[in-house]
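Protein chains in written order, with the working numbering: chain V, 18 to 76; chain P, 7 to 137.
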Amino acid sequence: MDTTSHLGLLLIFSAFVSTAFAVLARDEPREQMKFGARLFGTFVGSALLLGWLLYPLPL
Amino acid sequence: MPAPSGRSAAPAANPYLVCAAAWVVPGGGHLWLGRYQKGLTLLVLLPLMFGFGLWIQGRIFPFQFADLLVGLAAIADLGIGLPYFIAKLGGAGAGNVIAITYEYGNTYVIVAGLLNMLAVLDAFDIALGRK
Numbered sequence: 018m019d020t021t022s023h024l025g026l027l028l029i030f031s032a033f034v035s036t037a038f039a040v041l042a043r044d045e046p047r048e049q050m051k052f053g054a055r056l057f058g059t060f061v062g063s064a065l066l067l068g069w070l071l072y073p074l075p076l
Numbered sequence: 007m008p009a010p011s012g013r014s015a016a017p018a019a020n021p022y023l024v025c026a027a028a029w030v031v032p033g034g035g036h037l038w039l040g041r042y043q044k045g046l047t048l049l050v051l052l053p054l055m056f057g058f059g060l061w062i063q064g065r066i067f068p069f070q071f072a073d074l075l076v077g078l079a080a081i082a083d084l085g086i087g088l089p090y091f092i093a094k095l096g097g098a099g100a101g102n103v104i105a106i107t108y109e110y111g112n113t114y115v116i117v118a119g120l121l122n123m124l125a126v127l128d129a130f131d132i133a134l135g136r137k
């Protein structure tokens, strides 16, 4: 496994955090799955969006 | 009405002891209170996240409050409970500041501790009958 991939580390981190939040915030496994998937998508989507928004900045 | 899956009637337990158990063993508070699905998930997930952070060269921060962020990161690291002490005893968590994944590793380690603190609060609420 390539542990130096920024995208890969972002995906793994998002999976960990969204699973923990979903398990803590919802009681039913089905609800947990739905909430976790939504969180995961939001994490990854917003990171990609922010990445593109910051792309033109001279950092 | 049947209880939701992974959930059974919470036995009477001292909420502060539940918090202590939840801190020492991630998911321990939920397991104690009969929330087996949540407890087992946290028991696997949080130490795995902590260990992964160390594996990719993350650091366990020292308690040095001269630099406030370092001190706060140390408190967050400690939030994971027993895995923190196991890692310290095993000599892990030195970190490698020149590794490309160093900051990522720190983030994984810190967030794993913070998530366990959240799990402690959740177990406290369950023990008090709020959830």
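For each residue, glycine too, the CB sits at the ideal point set by N, CA and C. Small disclaimer: the values here were computed from a predicted structure and weren't measured.
Min CB distance residue i to chain V below 9 Å
i: Phe58 of chain P; result: yes
i: Tyr114 of chain P; result: yes
i: Cys25 of chain P; result: no
i: Ile62 of chain P; result: yes
i: Leu134 of chain P; result: no
i: Ile106 of chain P; result: yes
i: Leu37 of chain P; result: no
Chain-ordered chain V contacts of residue i [CB-CB under 7 Å]
i: Asp186 of chain P; result: The structure shown does not extend to residue 186 of chain P, since chain P is modelled only from 7 through 137, so no value can be given for it.
i: Asp1 of chain P; result: Outside the displayed range of chain P (7 to 137) lies residue 1 of chain P, so it cannot be described from this structure.
i: Val117 of chain P; result: Val34
Min CB distance residue i to chain P below 9 Å
i: Pro73 of chain V; result: no
i: Ala153 of chain V; result: What is shown of chain V runs 18 to 76, which leaves residue 153 of chain V out entirely.
i: Val40 of chain V; result: yes
i: Phe33 of chain V; result: yes
i: Leu26 of chain V; result: yes
i: Phe60 of chain V; result: no
i: Phe30 of chain V; result: yes
Interface partners of residue i on chain P, CB under 9 Å
i: Thr36 of chain V; result: Thr47 and Leu51
i: Phe52 of chain V; result: Ordered by position in chain P, no residue passes the 9 Å Cβ test against Phe52 of chain V, which lies about 13 Å from the chain.
Cross-chain neighbours of residue i in chain C, by beta carbon under 7 Å
i: Leu124 of chain P; result: The structure shown has no chain C; the protein chains it does contain are V and P.
Residue i (DSSP reduced to helix, strand or coil)
i: Arg47 of chain V; result: helix
i: Ala72 of chain P; result: coil
i: Arg65 of chain P; result: strand
i: Ala100 of chain P; result: strand
i: Pro138 of chain P; result: A query on residue 138 of chain P cannot be resolved here, the shown segment of chain P reaching from 7 to 137 and no further.
i: Ala19 of chain P; result: coil
i: Ile106 of chain P; result: coil
i: Pro32 of chain P; result: coil
Beta-carbon spacing of residue i, residue j below 9 Å
i: Phe69 of chain P; j: Ala82 of chain P; result: no
i: Trp29 of chain P; j: Val117 of chain P; result: no
i: Ile62 of chain P; j: Ala98 of chain P; result: no
i: Pro32 of chain P; j: Leu49 of chain P; result: yes
i: Leu39 of chain P; j: Ile132 of chain P; result: yes
Residue i: contacting residues in chain V (beta-carbon distance under 9 Å)
i: Leu2 of chain P; result: Because residue 2 of chain P is not part of the residues shown, which for chain P are 7 to 137, the question remains open.
Stretch-stretch touch, CB-based, cutoff 8 Å, three pairs: the segment 23-37 of chain V with the segment 55-72 of chain V: In short, these stretches touch, since the Cβ pair count reaches three.
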